[in-house]
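Residue numbers (my numbering): 151 to 571. Quick reminder that beta carbons are idealized off the backbone N, C-alpha and C, glycines included. Contents: one structure, followed by commentary.
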């Protein structure tokens with residue numbers, strides 16, 4: 151804890167505020183979202199397909215709108231979309247607890263998703279600009295706060311759920327309302343840089359289509375985005391393949407085991423992020439750290455590939471080891487990944503690059519999960535090892551692709567521009 155506080159204090163007040171904001175954002179989000187499906191199906195009595203529709207709208211409105219959010223941030227400055235996203239999520243979360251009609255629920259779900267698309271690229275671009283040459287350290291510290299919010303959110307939500315789901319939603323909305331006020335008063339306005347920046351920053355008169363063309367024509371960035379997509383598929387298995395394996399091996403106890411896996415994942419990231427980042431910085435160049443982390447993310451599924459499928463205790467132990475290794479490997483990857491996106495952008499249109507990067511990642515998660523879900527249905531009964539072997543190969547393939555990009559010179563990036571006042 152002392153190391154985290156010392157590291158946090160070493161950054162500018164604006165960067166520190168962004169880190170604390172992200173903790174609160176995740177705290178509020180994860181105190182509500184894990185229990186939303188049960189509220190919709192149980193308290194409101196909605197059919198399963200309508201529950202899926204409400205949840206799907208939230209995901210689509212976020213993943214599909216990241217590019218829009220990043221574009222707005224580069225055009226209007228970083229503070230405006232951060233503030234707008236928090237205000238929009240305040241209203242969306244409040245509505246989720248107090249409305250019961252399907253159109254209103256869909257509107258609230260879409261609002262919460264678009265809110266994330268607004269503030270996520272802006273926050274990361276703002277943090278990168280504030281950190282300057284210390285981007286890797288800044289994103290490592292940022293991820294500790296991010297994971298801590300994920301760790302505590304479900305616990306707080308469960309405690310509030312003892313009263314009523316409306317209380318959960320109201321408290322979550324209140325957290326975002328407080329964040330809105332705090333950022334309106336304390337977060338300095340900051341603009342990014344475009345290809346021909348004006349004195350005030352921004353895109354220098356570049357049209358939206360011109361903005362997008364510049365990002366899409368950045369071939370090294372697109373190749374990097376494609377190479378990294380598999381890492382998001384691997385990370386998402388905490389929500390898909392690992393819970394399926396827990397349910398298959400443990401039956402009714404699978405849900406409890408899945409909750410434990412989330413705790414292990416977040417706890418490993420919180421406890422190990424700064425140490426793992428320091429270790430990687432001392433031993434590897436950035437692209438090497440990414441390759442090592444990606445390979446380790448794939449290797450995290452080896453215990454599940456070799457454990458006997460009929461052994462409930464063995465599967466449970468393998469699940470715990472796998473999720474811990476996956477979280478540790480992800481902690482190695484994250485700060486170097488975020489830094490590389492900025493570097494490949496040439497420090498121009500950073501938020502738009504982050505927006506497109508998140509959109510590509512979201513598309514990769516969707517396609518990867520469809521393929522993995524089909525493989526699970528076909529193989530988990532007779533050949534469960536095949537699912538885990540494919541995931542191991544995915545990590546190795548991503549690491550190989552990234553290494554090939556580095557050797558071809560596609561990851562040779564311009565020097566980082568120092569932070570400005």
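- Per DSSP, reduced to three states, the secondary structure at residue 169 is helical.
- In the displayed model, residue 338 falls within coil according to three-state DSSP, outside both helix and strand.
- Residue 225 holds the alpha-carbon nearest to the alpha-carbon of residue 360 among 247, 329, 225, 395.
- Contact between the region 266-283 and the region 495-506 is established, with three or more Cβ pairs separated by less than 8 Å.
- Per DSSP, the unbroken alpha helix (DSSP H) holding residue 381 starts and ends at 369-385.
- Here residue 152 is exposed. Its C-beta has fewer than 16 other C-beta atoms within 10 Å.
- DSSP places residue 276 inside the alpha helix (DSSP H), whose first and last residues are 252-281.
- Shortest Cα-Cα distance from residue 304 to any of 537, 207, 174 involves 174.
- DSSP places residue 162 outside any alpha helix (DSSP H), giving it a letter other than H or E.
- In this structure, DSSP gives residue 292 a helical state, which the three-state scheme calls helix.
- Contact between residue 177 and residue 331 is absent: CB atoms are separated by about 17 Å, not below the 8 Å threshold.
- One thing to note: residue 293 has its Cβ within 8 Å of the Cβ of residue 485.
- By the Cβ-count criterion, residue 487 is buried, with 16 or more other Cβ atoms from all chains shown falling within 10 Å of its own Cβ.
- Cβ atoms of residue 443 and residue 479 come within 8 Å of each other, at about 5 Å.
- For the 8 Å CB-CB criterion, residue 337 and residue 222 do not form a contact.
- Taking C-beta separations shorter than 6 Å and ignoring five residues to either side along the sequence, the partners of residue 489 in its chain run 285, 286, following chain order.
- When secondary structure is reduced to three states using DSSP, residue 152 falls in the helix class.
- For residue 369, the closest C-alpha among the options 527, 522, 560, 447 is that of 560.
- Between residue 468 and residue 454, the C-beta gap is smaller than 8 Å, which places the two residues in contact.
- Residue 430 sits close to residue 439, with the two beta carbons spaced by under 8 Å.
- Around the beta carbon of residue 510, a 10 Å sphere encloses 16 or more other beta carbons of the protein chains shown; the residue is thus reported as buried.
- Within the same chain, Cβ atoms closer than 6 Å to the Cβ of residue 215 are found at 264, 267, the five residues on either side in sequence being excluded.
- For residue 284, no alpha helix (DSSP H) run applies, since DSSP gives it neither H nor E.
- When the alpha-carbon of residue 168 is set against those of 534, 521, 271, the nearest one is in 271.
- Taking the C-beta atoms as reference points, residue 247 is found no nearer than 8 Å to residue 158.
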